[in-house]
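Engineer: Input: one structure, supplied below.
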Ligand code: ZN
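Written out as structure tokens, the structure reads:
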């Protein structure tokens, strides 16, 4: 474990204790082998004058919801130290009351809720306290003779604490164990199957002690000859239809739409084909607080993944019934990740961020489990303790708070012609509703057009089957399936009467404005059939119900597209796939409406450009955002019982009305 302390940076903080606390917390937080996604916590004790000019000791402890890697000064909750110390002396205190009284003891009521380990930080008699869930240390303790190994490794330099659930009982246990302890004799505490505490009045020394303890454990694992996860087998062709099917089954079991992401890197693939993997992979997580995000164990998927997922749900129900005292409500039964034999691992989450968190935790888990297995056998915390953590009231409350789902959360969409105009507006609208989008365009700028993690931009020529196939494969590999298609890509050929029609212009329009849409729909269908409330929107044109002279190549292609949509609606209804059509008119903030086209079209109607732009019943201008709003609404729940419909968005057109 590399020591990242930079004396120059530390000096620039001029002895400001809170700033130093932020600095060294971030050093710990940026190392994923120490803490992962909100895990671990730190504190600093500072003496301050209160409102009445009295000196008061305050514990600044990591606030709930903050991540050590990115924490700021305001991420630390200021709590009166004396009150926390008094709380440690209580015989009993429920965790709900503990949180309530800790909040009441804060000197700033708008600060975040103090960490559940605040009392523990308070009773450690040093200015700086660092706490991590270091993989290497916890891995060693998660073996049958883990305690013995830890003892041999650290001697009397660390205090070894048996596993106790975090919260009041852990603080109380340590308070009792350390009553007569000479704290200056130890460098840290190791909480078996949980993590490490180090402390010092000097932030650098507290940090150094952490790095030293963790490095020792890492070297120990090396010395014990831990083999890395490796295989000579190369990942085979991934069956994306099977991924889409797995994602649907997991979504159904969970009761909400989820994303799925395959990791078939060498390490994950190697793990998935280890002999006896099913046995040790389902014993439990590295540290119990991971169970809140990943459940205690992954699903193990074999040749019939859907059956395995259903079986996971049944086993989960049995586990819940076994430990439920009658007062609890069962959480959803869906796995958060899976080891897919011969393929790697899959992570499931309700948004991109959560999928990443779950993938990170699962990557650390497979490494730790594999090492533990080599070190005498992976032996994490028992089921009952894990259950208590998973169903802990405080954690359940946290999860409830986070549940403000958007209407299209974890819905997966493809939008073509997405680098500008209507397509681009559709991507932005979909993301704002919670969906993830694969944005396709022939313009290479599509790759950098969208900055959000929810959008994957791919350069794609919709007239090339290879490009379309690649885009669909990438969609499933990145997000796990396909629910929505907005088939929008199009060109507006130059105005041309039939008597002077150039065949190439005609052919090109039909190829892009009609045939490419048919091809794309054809290729998407197997995935849409496995989608969740799947729906398709074709962006056609007002030219279909109300054609204009000189636009035959365009109008005929769009009329064909409309007919394609009508047949698709008829054929796909039995699969639950809705197909509807939007007919925009006079949307001028799109790529096809160059100044030249605009002038020509206005002229052909004998109007000025301004008159032409608002030449409708409502005398209003229609823009890309208006069309995107309609298209995305038609994909969603409001249109759940409508298929084969055509809606013109044109400000009202006398010829159509
Ligand atoms: Zn902890």
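Residue numbers (my numbering): 120 to 776. We treat Cβ as the ideally placed atom computed from N, Cα and C, and that holds for glycine. If you're wondering where the values come from, they're calculated on a predicted model, not measured in any experiment.
Using a Cβ-Cβ cut-off of 6 Å (strictly less than) and excluding sequence neighbours within five positions of residue 545, which residues of its own chain qualify?
Structural biologist: Excluding sequence neighbours, residue 545 sits near 534, 605, 747, 750.
Engineer: Among 312, 215, 297, whose alpha-carbon lies nearest the alpha-carbon of residue 252?
Structural biologist: Considering only alpha carbons, the answer is 312.
Engineer: Quick check: residue 684 and residue 698, are their CB atoms within less than 9 Å of each other?
Structural biologist: Yes, these two residues count as a Cβ contact at 9 Å.
Engineer: Suppose only complete runs of 3+ residues qualify. What are the beta strand (DSSP E) ranges in the stretch 590 to 667, listed by chain order?
Structural biologist: With a minimum length of 3 residues, the continuous beta strand (DSSP E) runs that stay inside the stretch 590 to 667 are 603 to 606, 654 to 658.
Engineer: Under 9 Å, do residue 600 and residue 650 count as touching if we go by C-beta distance?
Structural biologist: Yes, these two residues count as a Cβ contact at 9 Å.
Engineer: With a 10 Å radius around its C-beta and 16 neighbouring C-beta atoms as the bar for buried, classify residue 402 as buried or exposed.
Structural biologist: So residue 402 ends up on the buried side.
Engineer: Which one or two residues does DSSP pair with residue 222 in a beta bridge?
Structural biologist: Residue 222 pairs with nothing; no bridge assigned.
Engineer: Quick one: is the Cβ of residue 147 within less than 8 Å of any heavy atom of ligand 1?
Structural biologist: Checking the Cβ of residue 147 against ligand 1 gives no.
Engineer: I want to check one thing, is the minimum distance from the CB of residue 159 to the heavy atoms of ligand 1 below 8 Å?
Structural biologist: Yes.
Engineer: With respect to the beta strand (DSSP E) encompassing residue 533, which residues constitute its N-terminal and C-terminal limits?
Structural biologist: First-last of the beta strand (DSSP E) with residue 533: 531 to 535.
Engineer: Under 9 Å between the Cβ atoms of residue 452 and residue 468?
Structural biologist: It is not a contact, given that the beta carbons lie outside the stated cut-off.
Engineer: Taking 8 Å as the cut-off, is the C-beta of residue 762 nearer than that to any heavy atom in ligand 1?
Structural biologist: Residue 762 Cβ: outside cutoff for every heavy atom of ligand 1.
Engineer: If you measure from the CB of residue 422, is any heavy atom of ligand 1 nearer than 8 Å?
Structural biologist: Flag unset: Cβ of residue 422 not near ligand 1.
Engineer: Would you call the CB atoms of residue 330 and residue 412 closer than 9 Å?
Structural biologist: In this structure, residue 412 does not lie closer than 9 Å to residue 330 by Cβ.
Engineer: Does the beta-carbon of residue 767 have 16 or more other beta-carbons within 10 angstroms, so that it is buried, or is it exposed?
Structural biologist: Buried, by the Cβ-count rule.
Engineer: Considering only residues of the same chain and omitting the five flanking positions on each side of residue 629, which have a CB-CB separation below 8 Å?
Structural biologist: So the list reads 672, 675, 676, 679, once near-sequence residues are dropped.
Engineer: Relative to the C-alpha of residue 527, which candidate in 351, 547, 447, 512 has its C-alpha closest?
Structural biologist: Minimum Cα distance to residue 527 is reached at 547.
Engineer: What is the DSSP secondary structure of residue 758, counted as helix, strand or coil?
Structural biologist: Helix, per DSSP.
Engineer: Counting C-beta neighbours from all protein chains within 10 Å, is the total for residue 173 16 or more, i.e. buried, or is it exposed?
Structural biologist: With fewer than 16 Cβ atoms within 10 Å of its Cβ, residue 173 is classed as exposed.
Engineer: Measuring CB to CB, does residue 239 end up less than 9 Å from residue 293?
Structural biologist: Against a cut-off of 9 Å, the Cβ pair of residue 293 and residue 239 comes out as a contact.
Engineer: Between which two residues does the beta strand (DSSP E) carrying residue 174 extend?
Structural biologist: 174 to 181 is the span of the beta strand (DSSP E), which, as asked, contains residue 174.
Engineer: Using CA atoms only, rank isn't needed, just tell me which of 440, 455, 454 is closest to residue 448.
Structural biologist: Taking only the C-alpha atoms, the option nearest residue 448 is 440.
Engineer: From which residue to which residue does the beta strand (DSSP E) around residue 464 run?
Structural biologist: Segment 463 to 468, the beta strand (DSSP E) holding residue 464.
Engineer: Rounded to whole angstroms, what is the Cα-Cα separation between residue 282 and residue 288?
Structural biologist: C-alpha separation (whole angstroms): 11 Å.
Engineer: Examine ligand 1 and report whether any of its heavy atoms sits within less than 8 Å of the Cβ of residue 236.
Structural biologist: Answer for residue 236: yes, Cβ within range of ligand 1.
Engineer: Below 8 Å on the Cβ atoms is my contact criterion, and I expect residue 484 with residue 405 to pass it. Report the Cβ-Cβ distance as a whole number of Å.
Structural biologist: Right, their Cβ atoms sit about 6 Å apart.
Engineer: Using a Cβ-Cβ cut-off of 7 Å (strictly less than) and excluding sequence neighbours within five positions of residue 709, which residues of its own chain qualify?
Structural biologist: Same-chain partners within the cutoff: 539, 540, 541, 743.
Engineer: Ignore the nearest five residues each way along the sequence and tell me which others in residue 779's own chain have a CB closer than 6 Å to its CB.
Structural biologist: There is simply no residue 779 to check, as the chain begins at 120 and stops at 776 in what is shown.
Engineer: Should the stretch 377 to 394 be called in touch with the stretch 616 to 631, which here means at least 3 C-beta pairs below 8 Å?
Structural biologist: Flag = no, the stretch 377 to 394 and the stretch 616 to 631 do not touch.
Engineer: If you drop the 5 nearest sequence neighbours on each side, which residues of the same chain put their C-beta closer than 7 Å to that of residue 563?
Structural biologist: Hits under 7 Å: 578.
Engineer: Which same chain residues end up closer than 6 Å to residue 736 when comparing Cβ atoms and leaving out the 5 residues on each side of it in sequence?
Structural biologist: Only 771 meet the Cβ criterion.
Engineer: Would you call residue 160 buried or exposed, if buried means 16 or more other Cβ atoms sit within 10 Å of its Cβ?
Structural biologist: Result: buried.
Engineer: To test your reading of the DSSP string, which unbroken beta strand (DSSP E) runs of 3 or more residues are found completely within the stretch 538 to 586?
Structural biologist: The stretch 538 to 586 contains these whole beta strand (DSSP E) runs: 555 to 560, 574 to 578.
Engineer: Could you check the C-alpha separation between residue 641 and residue 580 for me, to the nearest Å?
Structural biologist: Rounded to whole angstroms, residue 641 to residue 580 spans 16 Å at the Cα level.
Engineer: Who are the near neighbours of residue 723 in its chain, counting only those whose CB is closer than 8 Å to its CB and skipping five residues on each side?
Structural biologist: Within the same chain, residue 723 has close Cβ partners 614, 667, 668, 669.
Engineer: In this structure, how does DSSP classify residue 158 when only helix, strand and coil are distinguished?
Structural biologist: Reduced to three states, the DSSP call for residue 158 is coil.
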